[in-house]
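Residues 4 to 945 in our numbering are what the sequence shown spells out, letter by letter.
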Amino acid sequence: MCSVQEAAFKKTLTYTLLTYTLSGQTIDTLAVVLLLGAGRQHFESIKNCHFLTLAPAWAKSHLQSKMTRSKANSKKQHGIDFKKIRRKIGRKLPPPKNTTDTEIKSKAIVLPEQSVAAEKTGLAVNKKGLTLKELLQQTSHHNAKVRRDALMGIKDLFNRYPAELKLHKYAAIEKLRERIGDDDKVVRKSLYDLFKVVILPGCKEDNQELIISLLMPYIFNAMTHLAVDIRIMAFDFLDLILEFYPPSFSSYAEKIFQNYEDILRKNQYYLQDKGKLKDALAGLVRCLSLLPWNKGETDLQNKDDAGRRVLHAFGADMSMSSNGFSHIIKKLKDLVPVLINSFLEFIPLVLAMERLEVKSFGCMASILHSIDLIVRSFAHETNKDSESPSSQGGPDVAVGDVTISTALMKKLFPIFPINPVHHLTERDYDRLLDLNMVIAKIFFELNEWICLPPDLLEKFLEFIENALLGKFCRAAESGKAVWEKHLVELLSFIPKFVSFGESHWTSRLLQAFTQTFRESKPGSLLKLACLSAIEDMLTPIQSVLSQETRNPENLELELALHAWIGDLPLLLIQLGDKHPACSQVALRLQLHIGQRTLLNSSLVCAYDNMQYSLQDFYCTCQEGGHVCYGPFLRLPRESQELSLCSLYYFSHLDLPILKSIACCCLSADLDSYVLFRIIEILHSVYRDGRIKIADYLSVFITLVLRFKVSPEIGSAGFKSDQLCQTLKSMTTVLCSYLAQMGDNFLVLQMTEKAIIDQISQKPSLDNSCSLLRMLVTVDSKPTRLSVQSIITLGHHLPKYLMDAVQCIPEDGDEQDIPSIQLSSLRYYLLPCFFLFDRCHKLMNLVLKTMRSAITESSLSPIADNCTQHTRTYLIRVNAVASVLLLMHKDAKLQQIMSLFKEDIDNIIQQVLSLQSSTQISMTIEERHKIQCAFERLKTITE
Numbered sequence: 004m005c006s007v008q009e010a011a012f013k014k015t016l017t018y019t020l021l022t023y024t025l026s027g028q029t030i031d032t033l034a035v036v037l038l039l040g041a042g043r044q045h046f047e048s049i050k051n052c053h054f055l056t057l058a059p060a061w062a063k064s065h066l067q068s069k070m071t072r073s074k075a076n077s078k079k080q081h082g083i084d085f086k087k088i089r090r091k092i093g094r095k096l097p098p099p100k101n102t103t104d105t106e107i108k109s110k111a112i113v114l115p116e117q118s119v120a121a122e123k124t125g126l127a128v129n130k131k132g133l134t135l136k137e138l139l140q141q142t143s144h145h146n147a148k149v150r151r152d153a154l155m156g157i158k159d160l161f162n163r164y165p166a167e168l169k170l171h172k173y174a175a176i177e178k179l180r181e182r183i184g185d186d187d188k189v190v191r192k193s194l195y196d197l198f199k200v201v202i203l204p205g206c207k208e209d210n211q212e213l214i215i216s217l218l219m220p221y222i223f224n225a226m227t228h229l230a231v232d233i234r235i236m237a238f239d240f241l242d243l244i245l246e247f248y249p250p251s252f253s254s255y256a257e258k259i260f261q262n263y264e265d266i267l268r269k270n271q272y273y274l275q276d277k278g279k280l281k282d283a284l285a286g287l288v289r290c291l292s293l294l295p296w297n298k299g300e301t302d303l304q305n306k307d308d309a310g311r312r313v314l315h316a317f318g319a320d321m322s323m324s325s326n327g328f329s330h331i332i333k334k335l336k337d338l339v340p341v342l343i344n345s346f347l348e349f350i351p352l353v354l355a356m357e358r359l360e361v362k363s364f365g366c367m368a369s370i371l372h373s374i375d376l377i378v379r380s381f382a383h384e385t386n387k388d389s390e391s392p393s394s395q396g397g398p399d400v401a402v403g404d405v406t407i408s409t410a411l412m413k414k415l416f417p418i419f420p421i422n423p424v425h426h427l428t429e430r431d432y433d434r435l436l437d438l439n440m441v442i443a444k445i446f447f448e449l450n451e452w453i454c455l456p457p458d459l460l461e462k463f464l465e466f467i468e469n470a471l472l473g474k475f476c477r478a479a480e481s482g483k484a485v486w487e488k489h490l491v492e493l494l495s496f497i498p499k500f501v502s503f504g505e506s507h508w509t510s511r512l513l514q515a516f517t518q519t520f521r522e523s524k525p526g527s528l529l530k531l532a533c534l535s536a537i538e539d540m541l542t543p544i545q546s547v548l549s550q551e552t553r554n555p556e557n558l559e560l561e562l563a564l565h566a567w568i569g570d571l572p573l574l575l576i577q578l579g580d581k582h583p584a585c586s587q588v589a590l591r592l593q594l595h596i597g598q599r600t601l602l603n604s605s606l607v608c609a610y611d612n613m614q615y616s617l618q619d620f621y622c623t624c625q626e627g628g629h630v631c632y633g634p635f636l637r638l639p640r641e642s643q644e645l646s647l648c649s650l651y652y653f654s655h656l657d658l659p660i661l662k663s664i665a666c667c668c669l670s671a672d673l674d675s676y677v678l679f680r681i682i683e684i685l686h687s688v689y690r691d692g693r694i695k696i697a698d699y700l701s702v703f704i705t706l707v708l709r710f711k712v713s714p715e716i717g718s719a720g721f722k723s724d725q726l727c728q729t730l731k732s733m734t735t736v737l738c739s740y741l742a743q744m745g746d747n748f749l750v751l752q753m754t755e756k757a758i759i760d761q762i763s764q765k766p767s768l769d770n771s772c773s774l775l776r777m778l779v780t781v782d783s784k785p786t787r788l789s790v791q792s793i794i795t796l797g798h799h800l801p802k803y804l805m806d807a808v809q810c811i812p813e814d815g816d817e818q819d820i821p822s823i824q825l826s827s828l829r830y831y832l833l834p835c836f837f838l839f840d841r842c843h844k845l846m847n848l849v850l851k852t853m854r855s856a857i858t859e860s861s862l863s864p865i866a867d868n869c870t871q872h873t874r875t876y877l878i879r880v881n882a883v884a885s886v887l888l889l890m891h892k893d894a895k896l897q898q899i900m901s902l903f904k905e906d907i908d909n910i911i912q913q914v915l916s917l918q919s920s921t922q923i924s925m926t927i928e929e930r931h932k933i934q935c936a937f938e939r940l941k942t943i944t945e
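Written out as structure tokens, the structure reads:
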């Protein structure tokens, strides 16, 4: 009986043979299929198959032999149980038969080229040959080392190819943000460095809102992570975002403060890693500093700039409700108790330590700074509400009043001051002083907000007095820096205590403040803060001193104010030009004090005494004529303007200070705008009767006489020197002021002798012209000059006129003179023409002197600065001829010259005699030039 397998095989074989027969296949093929497809176990079944009878003989024979061998082998094996194998000792046994062979045999695969490298040709890759796409994919790898390497590779690629960052910044940020909450610390740190050093600086000019919207959800998600390290690191990422994009804070302020509150409520974090908490608290300080009403205060502390008070004033006008920050008021109110509790957690640790830990101090300092910023915010808003009752933020702020003030008075202020139990090092002492100073600042800010208990106020006032007197300041430089930094902030509260504080504290604080003001270093931030505090105290002190009642408290105020005013000039000199910001604040204070002297007579004397100390600030003239310029010349124009405006408020300006100012005007380094501003202010002071007319006129003469210009240019023509143009413009202004002074005859009497004496000293052509213009301005027709003045002018004007015409080209004619040079020439000649018109006698003297200049060889050279050729008779003849021809062209002078025809004929005759003289050795060319001059002069008499 066949088994089931044999039956199945027969059925399959029968179906196969039938199929082949019907399809026309030969029986030989069928036999091959049968013999090759059948297994040995099926030979008995195949033998009995009726289809086998159709097979050829060779197939039957092959099948029969195959079956016979199979039976023989079967019988032989059944007869032997096992074969004994003899093994030699020491040889390794072969493995069992059922052992699996695990040996791998392979051949090397040789590729003709690297196709992957060929595909990257022309793409931006890092030093390892990876593209940005590949690196971004590796940032999600399960292996932390691969992720770290990918971030470093992205940094390298962006540094190599900055354009890649510009093209793919949004895609890169979208992929990299996933690593903000990475489990590996090094990966997060690498990501932080990548954003800080490369990505955020490179995206400053791009769409910031889109970048922030991509990052902030992942940062907030990391802030709620179960792992402490990831939560703390998320605040570092937030701080980095706010550092590069501060405006983004307003959109996420409420959620940011909520996360800070959550992290601070977890007290166990303090003990785990204070360094990480310190960094997070520093970020909180940055966030609070970004509030618009606090930003002005932050700029005030961090910038040594004279305009910072303007920024501060602008920031003070901002309101929580009006700037979209009303929704965070409640968050700020809830944050204060949490901060106080966090601070108190450190107190037992600090007191128990013999040495204050740096990380603990950093956490405590950031907590106090945060409280300070929040208190300042509510104090600011309370002041705004009191000014505008319709403000919408009032109720919320009122709720904050109770919560914040209660928490501070019950928990924070009772531990003030924080005194160490153990003996601390100087550095630890400075750190505790830092904390106490901030607590004091919080107290005084809160005291402006609400009225605090008197006993508490006494304790803090005593502290600020000791701080002003320097009792907390150690010899170490670090201690002085801490003391000065916080004292700058405390000084802003003194003016209000002076105005509204207790009487016995007013005197004590004023004395301590005055000592600090005098002992602080010139140009330091502390000196700058003292100047600002004095300016804030001017109004309340003035209101107190204006009262009729006189009491010891008022006397203390007056003495303190006089001491500050007396120290200002010395301070300005000490500051010099090295601290322009501090100098500007001091000069503004000086101006404000001067403005208040008009309303308070008690300040007049103290303010007037400043001018004697201010001479060194402007200029000093030492023995031997040496001039030493003060810092006024080197200060910025704005500071110079403040100083000049202060001059107007002196009740009188004496001659010493006027000389000092005039010397500054003569400096070539002084800007022309400042020069004319000085003249304008001095004229305003004179017009108000605060300068003597003699002193005023003396300043004018000094300016036009000693103003230095470049040496005149001879035959090359008139110069266009800037200083020369400034002198001309200044002379025009001074002449206009002279004409406004009143009776010209009186002014002439006061200035005539001084001007004539200076002209006789033979000043330069430009200075002489300015003096003559001033003289002409106050003279009249007919002239009021004295006989002696006319004689002196008659002796010196010919030289002046011939010097002026020396600027005509040597071989030129008056008709060939350019219009610009002719205009300049007339500028120098016109004052003389006015004098000739007013005084005919003066013209007669001038003509006689010019005739003598031609004939008398004993005359001195006409122009000291001329070359040797200009000292010859030829030059003199040409100069005289040019002067006479220019005078003849003037209609008025032509009529006057007709009265002195004889003198003119004598001059012409002297020229003719000179041309034919045999006593003087001249070349033919020189005689020809004299002949030309003679021909020119003959036109006058025709």
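By construction, the Cβ of each residue, glycine as well, lies at the ideal position given by its N, Cα and C atoms.
- Annotation for Y652: no beta strand (DSSP E) segment contains it, and DSSP assigns it neither H nor E.
- The DSSP-derived three-state label of Y632 is strand.
- Contact between the segment 723-735 and the segment 673-684 is present: three or more C-beta pairs spanning the two stretches fall below 8 Å.
- Here the segment 925-941 makes no contact with the segment 827-844; the two share fewer than three CB pairs at distances below 8 Å.
- Here T942 is not bridged, per DSSP, to any residue.
- For C772, the enclosing alpha helix (DSSP H) stretches over residues L768 to V781.
- Beta bridge pairing from DSSP links C366 with no other residue.
- The Cβ atoms of L685 and V702 sit closer than 8 Å to each other.
- The secondary-structure analysis by DSSP pairs C533 with nothing; it has no beta-bridge partner.
- In this structure, V485 sits near L436, with a CB-CB distance shorter than 8 Å.
- Judged by pairs of C-beta atoms under 8 Å, the segment 461-469 does not touch the segment 426-435, as fewer than three such pairs exist.
- Within the segment 164-249, complete beta strand (DSSP E) segments of at least 3 residues are not found at all.
- Here P572 really is in contact with M613; their C-beta atoms are around 5 Å apart, less than 8 Å.
- In the three-state reduction of the DSSP assignment, C935 falls in the helix class.
- Counting along the chain, the unbroken beta strand (DSSP E) around C624 starts and ends at C622 to C624.
- Here DSSP, grouped into helix, strand and coil, assigns T786 to coil.
- As the crow flies, the alpha-carbon of C772 is around 52 Å from that of A563.
- When DSSP states are grouped into helix, strand and coil, T134 belongs to the strand group.
- Within the same chain, I442 come within 6 Å of F419 by CB-CB distance, once the 5 residues on both sides are set aside.
- In this structure D185 is in contact with R150, their Cβ atoms being roughly 7 Å apart against a cut-off of 8 Å.
- Closest option to L245, judged by alpha-carbon separation, among I682, I222 and V231: I222.
- By the neighbour-count definition (other C-beta atoms within 10 Å, threshold 16), V189 is an exposed residue.
- With respect to the 8 Å criterion, N770 and V707 are classified as neighbours on the basis of their beta carbons.
- A straight-line Cα-Cα distance of about 34 Å links S408 and Q545.
- By the 16-neighbour rule on beta-carbons within 10 angstroms, V886 is buried.
- The segment 426-468 contains, as complete alpha helix (DSSP H) runs of 4+ residues, the segments 429-452 (chain order).
- When DSSP reads this structure, V128 sits in a beta bridge with T134.
- In terms of Cβ geometry, Q587 and L645 form a close pair [threshold 8 Å].
- Taking F620 as the centre and dropping the five residues before and after it, the same chain places the C-beta of L575, I576, G633 and F635 closer than 6 Å to its C-beta, in chain order.
- At a Cβ-Cβ threshold of 8 Å, N847 and D893 do not count as neighbours.
- Per DSSP, F703 is one residue of the alpha helix (DSSP H) stretching across I696 to R709.
- By the Cβ neighbour-count rule, R434 is buried, with 16 or more other Cβ atoms within 10 Å of its own.
- Ranked by Cα distance from K178, the options I107, I214, E264 and D159 are led by I214.
- Following the DSSP letters along the chain, one finds R680 inside the alpha helix (DSSP H) bounded by residues S675 to R690.
- When the five nearest sequence neighbours on each side are left out, the beta carbons in the same chain lying within less than 6 Å of the beta carbon of A532 are those of V491 and L494, in order along the chain.
- Apart from the 5 residues on each side of it in sequence, L838 sits with its Cβ closer than 6 Å to the Cβ of L845 in its chain, given in chain order.
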